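The opening position of the sequence shown corresponds to residue 202 in the numbering used here, with each subsequent residue numbered one higher.
The block underneath contains the structure these notes are about, expressed in structure tokens.
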Amino acid sequence: MSAGAERQRHYRAVVVLKKDPCEENLWKCVVAFRGYKFKTMSGLPFTYTLKKGREDEFTKELWIDRREDSKSLAWSSVLLAYHNIGKIGEVVDRPKALGDIRGVSYIYGLFYRFGLIDVPDEVKEKMAKR
Numbered sequence: 202m203s204a205g206a207e208r209q210r211h212y213r214a215v216v217v218l219k220k221d222p223c224e225e226n227l228w229k230c231v232v233a234f235r236g237y238k239f240k241t242m243s244g245l246p247f248t249y250t251l252k253k254g255r256e257d258e259f260t261k262e263l264w265i266d267r268r269e270d271s272k273s274l275a276w277s278s279v280l281l282a283y284h285n286i287g288k289i290g291e292v293v294d295r296p297k298a299l300g301d302i303r304g305v306s307y308i309y310g311l312f313y314r315f316g317l318i319d320v321p322d323e324v325k326e327k328m329a330k331r
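Listed below in structure tokens is the structure:
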């Protein structure tokens, strides 16, 4: 897929999620952004992949590629954090504000990119550096 087509896929997924924020559209965003380069609050880069299970459907587990090893992030953890968002687009100061959830530093980066939360300006700078 070309870079332009990839950007369009990301854009469309975010627009749909913002228009109708629900678990189904959040999952569609997660699927659309697999392989995308995210940043944690401290600016550390990461990506994730999804594996396919039976009937060629994606499993509800994100495999975070941070260093040499992949860590699994359960969809249930993503949903816990999602349900802890007060209002869509509000500033969330730090990952733990979304809950004491395994992998929340990665979820924070996802939610910021998906437009579900905003972050403080100093965090934006760290997350924007290439």
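All C-beta atoms in this analysis are idealised placements derived from N, C-alpha and C, irrespective of residue type, glycine included.
This structure is a prediction, so every number in the text was calculated from the model and none was measured.
Put E262 into one of helix, strand or coil per three-state DSSP.
Here residue 262 refers to the residue found at position 61 when the sequence shown is read from its first residue. Strand at E262.
Please list the terminal residues of the continuous beta strand (DSSP E) segment that includes K229.
In the sequence shown, residue 229 corresponds to position 28, counting from 1. Taken as a continuous stretch (DSSP letters only), K229 belongs to no beta strand (DSSP E), being part of the alpha helix (DSSP H) at E224 to A233.
Check whether the Cβ atoms of G300 and A282 sit closer than 8 angstroms, and answer yes or no.
Walking along the sequence shown from the start, residue 300 turns up at place 99. Walking along the sequence shown from the start, residue 282 turns up at place 81. Yes, the Cβ-Cβ distance between G300 and A282 is below 8 angstroms.
Under three-state DSSP, which class holds Y237?
Locating residue 237 in the sequence shown gives position 36, counting from the first residue. Coil, per DSSP.
How close, in whole Å, do the beta carbons of C230 and F315 come, if the pair is a contact with beta carbons under 8 angstroms?
By 1-based counting over the sequence shown, the position of residue 230 is 29. By 1-based counting over the sequence shown, the position of residue 315 is 114. C230 to F315, Cβ: 5 angstroms. Contact.
Among the residues of its own chain, which have a CB less than 6 angstroms from the CB of K261, if the five just before and after it don't count?
As a working mapping, residue 261 is identified with position 60 in the sequence shown. Only W276 meet the Cβ criterion.
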